[in-house]
Amino acid sequence: MKAICVDPDTLEISWQEVPDPKPKEGEVVIDIHASAINRADLLQRAGNYPVPPGASTYMGLEAAGVISELSEGVTDWQVGDRVCTLLGGGGYAERVATPASLLIRIPEDWDFEKAAAVPEVFYTAYLNLFIEGELKEGETVLIHGGASGVGTAGIQMAKRAGCRVLVTAGRPNKCKYCKELGADVAVNYKEDDFESAIRQVSPDGVDVILDITAAAYLKPNINLLRTRGRLVIIALLTGAKAEINLAQLMRDRKRVIGSVLRPRSLEEKIEIHDRFENRFWPDLLSGAIQPIIYKTVPIEETEAAQNILTNNENIGKVILKVR
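Per the working numbering, the very first residue in the sequence shown carries number -10; after that it's consecutive.
Shown next as structure tokens:
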């Protein structure tokens, strides 16, 4: 098979022949038709995101395709089934071995590109809003990076759950799209101080914040939390170190939660998978919520596809077409 490989010295990427994956017990092999770009891939390529033990060393945290091989212990799936899945790695390739327990069957009226846009961002948004952040009906949530893949998924699920949704984004067209998607308020953080802007529309703050920025936003994020508010940090775009006023957290029972999906155990991922599938997969099937695709690019042009995220051009997902 072929896969996207990274030269460790130059960080240049190439589409080249590599050994086929060998499935372990309980796994299937998928012939990949589509994968997707995530910011974690950019970090891995740069050497800043270690691959979890036992995961494929190739980039790619989600894929959609057709099962081509079953290992011992797999009884609920058949060769030829169309599936999508969350991956620990290996999506930038023609084939991948993955646990059968993480598969989702693709509806016949979906193409592989649409299916590949679901697992990583919807699981991440679901995990961090509803499990870590304990977001409930009637609460107010602030989602930073509302036009990102995770942001567009989070907006839709939070609205579906009966929440008031506030977002930040860095361009007028992105703010406009977030509101069209269901956000009640969208703040352009490049034009306005987001803390002041959020205070104007929600004077008493918010219940949950989903944050990708970390250091630079830590103080204003904590300031915006209501009593018993939850700040969930899922990325470190502005750095990993910042001062924090612990007295403020203690007095108002505020919580700061760090959360990453990829390194979690298979058991944890299965629980997230099952809970998401029960709660929001029916909404995806009905069209009540949708994966948002910005662009589909042949996998041979992965460099250009990753640059779209590097330059913050995208609204939603950038898909890699493999077959």
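The beta carbon of each residue, even a glycine, is placed where N, CA and C say it ideally should be. Here the structure is a predicted model, which is why all the values come from computation and not from measurement.
Bounding residues of the alpha helix (DSSP H) (the contiguous stretch that carries residue i)
i	result
residue 270	270 to 275
residue 148	138 to 149
residue 115	108 to 115
residue 321	Residue 321 lies beyond the residue range present for the chain, which begins at -10 and ends at 312; the question has no answer from this structure.
residue 299	291 to 299
residue 153	First-last for residue 153: 153 to 158, but that is the beta strand (DSSP E), not the alpha helix (DSSP H).
residue 6	Here residue 6 belongs to no alpha helix (DSSP H); instead the beta strand (DSSP E) covers 2 to 6.
residue 315	Outside the displayed span of the chain (-10 to 312) sits residue 315, for which this structure offers no information.
residue 208	207 to 213
residue 98	First-last for residue 98: undefined, no H or E at that position.
Helix, strand or coil at residue i [DSSP, three-state]
i	result
residue 51	strand
residue 192	coil
residue 267	helix
residue 124	coil
residue 242	coil
residue 236	helix
residue 25	strand
Option in the options with minimal Cα separation from residue i
i	options	result
residue 302	310, 293 and 309	293
residue 203	135, 122 and 245	245
residue 306	156, 108, 133 and 157	108
residue 150	231, 289 and 119	119
residue 121	196, 75, 209 and 14	196
residue 21	72, 274 and 207	72
residue 46	57, 58, 30 and 59	30
residue 127	147, 272, 233 and -4	147
residue 190	130, 286 and 280	130
residue 226	70, 143 and 134	134
residue 139	192, 224, 231 and 19	224
residue -1	5, 34, 11 and 16	34
residue 110	18, 236 and 304	304
residue 311	4, -4 and 23	23
residue 170	201, 178, 136 and 180	136
residue 284	278, 277, 295 and 274	295
residue 237	211, 252 and 254	211
residue 94	48, 176, 5 and 19	19
residue 145	178, 161 and 167	167
Beta-bridge pairing of residue i - partner residues as DSSP gives them
i	result
residue 306	282
residue 67	In the DSSP output, where bridge partners are listed per residue, residue 67 has none listed.
residue 247	222
residue 20	55 and 84
residue 75	51
residue 287	310
N- and C-terminal bounds of the beta strand (DSSP E) containing residue i
i	result
residue 87	84 to 88
residue 198	195 to 200
residue 131	129 to 132
residue 35	No beta strand (DSSP E) holds residue 35; DSSP gives it neither H nor E.
residue 177	174 to 177
residue -9	-9 to -5
residue 94	92 to 94
Inset, instruction - For the segment 240 to 247 and the segment 210 to 217, state whether three or more C-beta atom pairs, one from each stretch, are separated by less than 8 Å. - result: As far as the Cβ criterion goes, the segment 240 to 247 touches the segment 210 to 217, which means the pair count is three or higher.
Inset, instruction - Check whether the segment 257 to 270 touches the segment 105 to 115, counting contact only when three or more Cβ pairs, one atom from each stretch, lie closer than 8 Å. - result: yes
Legend entry - Contact the segment 76 to 89 vs the segment -10 to 4: 3+ CB pairs below 8 Å: yes
Inset, instruction - Say whether the segment 46 to 56 touches the segment 100 to 112, bearing in mind that this needs 3 or more beta-carbon pairs closer than 8 Å, one atom from each stretch. - result: Taking 8 Å as the limit for Cβ pairs, the verdict is that the segment 100 to 112 does touch the segment 46 to 56.
Inset, instruction - Kindly confirm or deny that the segment 183 to 192 and the segment 151 to 158 touch, where touching means at least three C-beta pairs closer than 8 Å. - result: yes
Inset, instruction - Decide yes or no for the touch test of the segment 30 to 40 against the segment 280 to 299: beta carbon pairs closer than 8 Å, at least 3 of them. - result: yes
Inset, instruction - Determine, using beta-carbon pairs with one atom in the segment 57 to 67 and one in the segment 247 to 262, whether at least three such pairs fall under 8 Å. - result: no
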